[in-house]
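First the structure, in the form of structure tokens, and then the observations on it.
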Amino acid sequence: MARRSANFALALEATRKVATEAAGPNAAAVDRDARFPVEAIDALKRARLLSAGVPVELGGLGLSLGEQAELCCVLGQACAATAMITAMHFIQIGCIARHRGDSAWFTGYLRECVERQLLIASITSEVGVGGDARTSVAGVRVEGGAFALTKQATTISYGAHADDWFATCRRSPDAPGNDQVLVMLRRGSTTLSPTTTWNTLGMRGTCSPGFSVHATGDAAQILPDYGTVSAKTMVPYSHVLWGGTWLGIATDAVHRARAYLRGEARKAPGKAPPQGLRVSELATQLAVMRALVHDVARDVEEVYETPGADEALATIAWALRLNQLKIAASQAVFDITVKSLQTIGIMAYKQDSPASLGRHLRDALSASLMVGNDRLHATNAAFLCVFKDD
Amino acid sequence: MSSEELRGRVRQVLAEHGKLAVDAAGLGDDDDLYAAGMTSHASVGVMLALEGAFDLEFPDRLLRRSSFQSVAAIAAAITEIQGGA
Chain A
1 MARRSANFAL ALEATRKVAT EAAGPNAAAV DRDARFPVEA IDALKRARLL
51 SAGVPVELGG LGLSLGEQAE LCCVLGQACA ATAMITAMHF IQIGCIARHR
101 GDSAWFTGYL RECVERQLLI ASITSEVGVG GDARTSVAGV RVEGGAFALT
151 KQATTISYGA HADDWFATCR RSPDAPGNDQ VLVMLRRGST TLSPTTTWNT
201 LGMRGTCSPG FSVHATGDAA QILPDYGTVS AKTMVPYSHV LWGGTWLGIA
251 TDAVHRARAY LRGEARKAPG KAPPQGLRVS ELATQLAVMR ALVHDVARDV
301 EEVYETPGAD EALATIAWAL RLNQLKIAAS QAVFDITVKS LQTIGIMAYK
351 QDSPASLGRH LRDALSASLM VGNDRLHATN AAFLCVFKDD
Chain B
391 MSSEELRGRV RQVLAEHGKL AVDAAGLGDD DDLYAAGMTS HASVGVMLAL
441 EGAFDLEFPD RLLRRSSFQS VAAIAAAITE IQGGA
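Keeping their order, the protein sequence lines are chains A and B.
For the first sequence, the working numbering begins at 1 and goes up steadily by one.
For the second sequence, the working numbering begins at 391 and goes up steadily by one.
Below you can see the structure in the form of structure tokens.
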């Protein structure tokens, strides 16, 4: 990421301010009470960072995918739930920005996102599809220019706190399960009734219970061909921005291990603390993880910046690579966080010490579960039966 | 093999491995197979079965969604490989 968008430096500075002033100070309470990080998200809205990914010509900051991942990383060092919510919102904006085509409705919607700093949630999960986002049970009904959709979602992150919701569903009730579209469900013409609770080990502030969803609206709110949107934008954005979020968790864990090492070193100058080697290993693991996320982000950006090149993202080669990023980054954040905790020892194990890593560890445990790594390994195993790497 | 025979054998493979929501024999040459219910998982099975049935290997550049979008697209990909061999 050698080239920087014009707005990146200011956006990074503003995000750091949100992290230190709003996300960090409330992270423990958000985690303890499993509540939405309202202070941090409000601060992001005030700093106009929720439209970071909206193109400049529509009033947004026009940040690249890798730059958005860096913002998620900064937030993830303070509050992983805030970072994950931001990542998920950026994914929705990215899908609209890149696939709106000549839709006047979606172009107008992006302008509205800038003006009102709307927070968009995603409704891809559904009862009965076994976690496969590329299959839907519910279909959208379109009649006379209006749509109606009813969907049973197993989980909607910040569902109760979003301004709007972007839902996958079948193109019509009688279309095959994988013939999907995306529909923007607007607050005011959508009802969400919670069907389950969200009392999890980690990522508690994402507030992601299941909901029964019913919405109506204008047929112009339907974005066609989710298969293409998924391959070219939703999957690359998800895995890079999640990777950025997890990199934030791992970075802060290693920060704490390094601070501990410095403290130990000061106690006996001239004598190498026994934790030194472990911390050096941690710093190395973190460098590898960072390089992985940045490497994929840079290559995706290059594809996006080359007109017509994004067809490449619909190849098995790219699907393999993106799945590998997700698998490797989700394992790395867990490994790094556990090792940081063990390196620091009892002070990290304590819940009320400045070196505590309990929340980090519980948050990191979610990484291998959201889009299960076994599912991705199974997909990649099938791909490797035909992929030659020629 | 005539192009008609080729497309017939492609339809056979699709009937066995495509997990389509419709009868493969009734598919038009340009009908969208993904819209007909073929998942990306099933498409890998179709690729493998085609490689076996036609004794060829799809190069990575053809391992993309659009190469397996329709009977005609698959037949074109096969013809391209056979012509280049």
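Where is the CB? At the ideal position from N, CA and C, for every residue including glycine.
request  = Would you mind sorting A/ALA146 into buried or exposed? The rule is 16 or more other CB atoms within 10 Å of its CB.
outcome  = Looking at its Cβ environment, which holds fewer than 16 other Cβ atoms inside 10 Å, A/ALA146 is exposed.
key: Outcome for A/GLN351 when other beta-carbon atoms lying within 10 angstroms are tallied against a minimum of 16   = exposed
task = Give the DSSP-derived three-state secondary structure of A/SER122 in the structure shown.
result = strand
ask   = Around the C-beta of B/THR469, are 16 or more other C-beta atoms found within 10 angstroms, so that it is buried, or is it exposed?
value = In the assembly as shown, B/THR469 is an exposed residue. Its beta-carbon has fewer than 16 other beta-carbons within 10 Å.
ask   = For B/ALA475, does the count of other Cβ atoms within 10 angstroms reach 16, so buried, or fall short, so exposed?
value = Per-residue confidence for B/ALA475 stands at a pLDDT of 48, beneath the threshold of 50, marking its modelled position as unreliable; the derived number appears in the next sentence. Label assigned to B/ALA475: exposed.
ask   = Name the chain A residues whose beta carbon is nearer than 8 Å to that of B/ASP413?
value = The premise fails here: B/ASP413 is roughly 14 Å from chain A at the closest Cβ pair, so nothing lies under 8 Å.
key: Sequence-distant residues of the same chain with beta carbon closer than 8 Å to A/LEU118, five excluded per side   = LEU50, GLU112, ASP163 and ASP164, listed in sequence order.
query = Is it the case that the Cβ atoms of A/ALA69 and A/GLY244 are separated by a distance below 7 Å?
reply = Between A/ALA69 and A/GLY244, the gap from beta carbon to beta carbon is short of 7 Å.
Contact belief for A/CYS207 with A/TYR158 at Cβ below 8 Å, rounded distance in angstroms = Sure, about 5 Å apart at Cβ, within 8 Å.
ask   = Taking the C-alpha atoms as reference points, what is the distance between A/ALA28 and A/SER193?
value = 28 Å
task = For the alpha helix (DSSP H) holding A/ASP33, just list the boundary residues, first then last.
result = Boundaries of the alpha helix (DSSP H) around A/ASP33: 24-33.
inquiry  = According to DSSP, is A/LYS388 part of a helix, a strand, or is it coil?
reply    = coil
query = Does the beta carbon of B/ARG401 come closer than 7 Å to any beta carbon on chain A?
reply = no
query = Mind checking whether A/LEU247 and A/ARG290 have CB atoms under 7 Å apart?
reply = yes
query = Is there at least one Cβ from chain A nearer than 7 Å to B/ASP421's Cβ?
reply = no
query = When you check each C-beta in the segment 422-449 of chain B against every C-beta of chain A, which residues fall closer than 9 Å?
reply = Per Cβ criterion, the list reads ASP422, TYR424, ALA425, ALA426, GLY427, MET428, THR429, SER430, HIS431, VAL434, GLY435, MET437, LEU438, GLU441, GLU447, PHE448 and PRO449.
inquiry  = Could you tell me which whole alpha helix (DSSP H) segments of length 4 or greater appear in the segment 323-357 of chain A?
reply    = 346-349
task = State the CB to CB distance for the pair B/PHE448 and B/ALA467, rounded to an integer number of angstroms; the pair is presumed to be in contact (CB under 8 Å).
result = Rounded, the Cβ-Cβ distance is 7 Å, consistent with contact.
key: A/ARG141 versus A/TYR237: straight-line alpha-carbon distance, rounded   = 29 Å
query = Hey, does B/LEU453 have any beta-carbon neighbour from chain A nearer than 7 Å?
reply = Chain A, which has a Cβ nearer than 7 Å to the Cβ of B/LEU453, makes this yes.
inquiry  = Counting only beta-carbon separations shorter than 7 Å, does A/LYS326 have a partner in chain B?
reply    = no
message = Using 8 Å for Cβ pairs, my map puts A/LEU12 next to A/VAL54. What's the rounded Cβ distance?
response = Between A/VAL54 and A/LEU12 the Cβ distance is about 17 Å, and since that is not below 8 Å, they are no contact.
query = Can you check whether the CB of A/THR124 is closer than 7 Å to the CB of A/HIS214?
reply = no
Sheet register partners of A/MET184 (DSSP bridge) = A/PHE166
key: Which residues DSSP lists as bridging A/ARG141, in chain order   = A/ALA148
key: Chain-order list of residues whose beta-carbon lies under 8 Å from that of A/LEU185 (same chain, five-residue window excluded)   = The answer, listed in chain order, is ILE123, LEU149, ASP164, TRP165, PHE166, ALA167, VAL213, ALA215, GLY217 and GLN221.
message = For a cutoff of 7 Å on Cβ pairs, would you count A/THR315 as touching chain B?
response = Chain B, which has a Cβ nearer than 7 Å to the Cβ of A/THR315, makes this yes.
query = Would you call A/SER330 buried or exposed, if buried means 16 or more other Cβ atoms sit within 10 Å of its Cβ?
reply = buried
key: Start and end residues, beta strand (DSSP E) containing A/LEU192   = 190-194 is the span of the beta strand (DSSP E), which, as asked, contains A/LEU192.
query = Which one or two residues does DSSP pair with A/VAL213 in a beta bridge?
reply = In the DSSP output, where bridge partners are listed per residue, A/VAL213 has A/LYS151 and A/LEU192.
request  = Kindly say whether A/ALA382, judged by its beta-carbon, lies nearer than 7 Å to any beta-carbon of chain B.
outcome  = Yes, contact with chain B.
task = Apply the 10 Å Cβ neighbour rule to A/VAL56 and answer buried if 16 or more other Cβ atoms are within range, or exposed otherwise.
result = It counts as exposed.
query = For B/SER456, which residues in chain A fall below 9 Å Cβ to Cβ?
reply = GLU311 and ALA314
query = Buried or exposed: where does A/LEU277 fall if 16 or more other Cβ atoms within 10 Å of its Cβ makes it buried?
reply = exposed
inquiry  = With distance defined between alpha-carbon atoms, name the residue in A/THR195, A/CYS169, A/LYS388 and A/ALA121 nearest to A/MET88.
reply    = A/ALA121
Sequence-distant residues of its chain with Cβ nearer than 8 Å to A/THR379 (five each side left out) = ALA319 and ASN323
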